[in-house]
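K.L.:
Structure below; questions to follow.
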Amino acid sequence: MSLKLKCPKCLFEYDYREATRDQMIMQIIRTVPDFAPHSSLVLEYLELFQTTRPLKPAKLLRILTEVRDIWTGGKFAFQKRVYEISKAGIVQGLKTVCNKRFEAGLENHNYLKKVLIWVSEEEGKRRAAQAEKELREREARLRTGRKEGPVEHSERPAPIGDAISKLPWRRDDGQ
Numbered sequence: 004m005s006l007k008l009k010c011p012k013c014l015f016e017y018d019y020r021e022a023t024r025d026q027m028i029m030q031i032i033r034t035v036p037d038f039a040p041h042s043s044l045v046l047e048y049l050e051l052f053q054t055t056r057p058l059k060p061a062k063l064l065r066i067l068t069e070v071r072d073i074w075t076g077g078k079f080a081f082q083k084r085v086y087e088i089s090k091a092g093i094v095q096g097l098k099t100v101c102n103k104r105f106e107a108g109l110e111n112h113n114y115l116k117k118v119l120i121w122v123s124e125e126e127g128k129r130r131a132a133q134a135e136k137e138l139r140e141r142e143a144r145l146r147t148g149r150k151e152g153p154v155e156h157s158e159r160p161a162p163i164g165d166a167i168s169k170l171p172w173r174r175d176d177g178q
């Protein structure tokens with residue numbers, strides 16, 4: 004049984020579910036470019052959720068929205084813990100999942116999230132190593148007495164002749 008609606012002006016009958024289905028499909032089409040240039044990879048990931056029959060637009064939109072939230076937010080939650088990840092890390096995780104052969108279709112994002120956890124932790128280790136390296140370089144500069152970073156032009160003293168000529172009590176008539 005379906006819910007039929009009738010247009011009050013032209014009396015055309017249409018199915019409410021079909022109308023919402025069309026809206027969902029349009030929203031899916033509008034959402035896919037958010038993943039550029041990796042849209043095809045995301046669509047490949049969505050195909051992993053299909054079993055013997057195609058996904059309904061509502062489920063497809065829900066899955067796509069959840070992946071977009073991870074993509075745009077740069078973080079995701081798994082078992083009450085929040086993980087931060089870069090877009091490159093998300094791409095790496097999606098490639099790993101898409102290259103794996105699954106006997107049955109995926110039911111949820113848990114496998115992707117487990118892969119992303121590993122990628123996120125690896126990124127965290129690299130960030131920590133980079134931060135430690137920068138700290139050691141900074142300590143070495145401080146030990147040798149060098150200032151941190153290049154000296155700004157505004158920090159350099161002006162030549163003494165320029166400074167004297169700008170004094171308000173200095174007259175230019177030679178006195």
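Taken in order, the sequence shown gives residues 4 to 178; the numbers are from my numbering. For each residue, glycine too, the CB sits at the ideal point set by N, CA and C. Please read all numbers here as calculations on a predicted model, not as lab measurements.
Near residue 19, which residues of its chain fall below 8 Å by C-beta distance, leaving aside the five closest residues on each side in sequence?
P.N.:
These residues qualify, in order along the chain: 5, 6, 7 and 8.
K.L.:
For residue 10, which residues from the same chain have a beta carbon less than 7 Å from its beta carbon, with the 5 sequence-adjacent residues on both sides left out?
P.N.:
Counting only Cβ-Cβ distances below 7 Å, and skipping sequence neighbours, we find nothing.
K.L.:
If you scan the segment 82 to 137 from start to end, which runs of the beta strand (DSSP E) of 3 or more residues do you find wholly inside it?
P.N.:
Counting whole runs of 3 or more residues, the segment 82 to 137 contains the beta strand (DSSP E) stretches 84 to 87.
K.L.:
Please list the terminal residues of the continuous alpha helix (DSSP H) segment that includes residue 7.
P.N.:
Taken as a continuous stretch (DSSP letters only), residue 7 belongs to no alpha helix (DSSP H), being part of the beta strand (DSSP E) at 7 to 9.
K.L.:
Going by alpha carbons, who is nearest to residue 111 out of 56, 62 and 37?
P.N.:
If we check each option's Cα against that of residue 111, 62 comes out closest.
K.L.:
For residue 86, is the classification buried or exposed, using 16 other Cβ atoms within 10 angstroms of its Cβ as the cut-off for buried?
P.N.:
With 16 or more other Cβ atoms within 10 Å, it is buried.
K.L.:
Name the DSSP beta bridge partners of residue 59, please?
P.N.:
Answer is none; residue 59 lacks a bridge partner.
K.L.:
Pull up the distance between the alpha-carbon of residue 123 and that of residue 103, whole angstroms please.
P.N.:
Roughly 19 Å between the two C-alpha positions.
K.L.:
Report the start-end ranges of each beta strand (DSSP E) in the segment 12 to 74 that is 3 residues or longer and not cut off at the edges.
P.N.:
Fully enclosed beta strand (DSSP E) runs of 3 or longer: 16 to 18.
K.L.:
Look at the alpha carbon of residue 139 and the alpha carbon of residue 34, and state the distance between them as a whole number of angstroms.
P.N.:
Distance between the alpha carbons of residue 139 and residue 34: 44 Å.
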